[in-house]
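Residues in the sequence shown are numbered consecutively from 1, following this note's numbering.
We put the CB at the ideal spot given by N, CA and C, even for glycine.
Just so it is clear, the structure is predicted and the values come from calculations on it, not from any experiment.
So the structure is just underneath, and the comments pick up after that.
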Amino acid sequence: MARDTWAYRDVAVESYEDARTGALRIRPMAGQAFAPSLRVQCARALVDRALHPAGTRFLLSAKLTDRLGGTPFLYAWHGDPVVVLSAAQAKKFLAEFRRGRI
Numbered sequence: 001m002a003r004d005t006w007a008y009r010d011v012a013v014e015s016y017e018d019a020r021t022g023a024l025r026i027r028p029m030a031g032q033a034f035a036p037s038l039r040v041q042c043a044r045a046l047v048d049r050a051l052h053p054a055g056t057r058f059l060l061s062a063k064l065t066d067r068l069g070g071t072p073f074l075y076a077w078h079g080d081p082v083v084v085l086s087a088a089q090a091k092k093f094l095a096e097f098r099r100g101r102i
């Protein structure tokens, strides 16, 4: 099955340390159409502490999906390039998103 590129949109996400397990997780940054509590499925390289420490911000091309009617989550294809955002770039991206809303 081919990947439907029209379903994907740019989403700013950040890594954080899960308080319960201590593992790094990825969540959407606040101020977008997706809640920060929404789970994100992406490449494992994003949660590799040797490559990216906790708090690193990324720009992903992701889509909202669910698996056979389960809990919705954001899916980012693992083959897409990893774009690391600085704090200023993330702030600018979120400001542009807010301006584009109706």
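Asked	Found
Completely contained beta strand (DSSP E) runs for the region 44–76, where each covers 3 or more residues	57–65, 73–76
Rounded straight-line distance, which links the Cα of residue 50 to that of residue 44	12 Å
Under 8 Å between C-beta atoms of residue 59 and residue 97	no
Strand pairing of residue 25, partner residues [DSSP]	16
Cβ contact (3+ pairs, closer than 8 Å) linking the region 61–73 and the region 17–26	no
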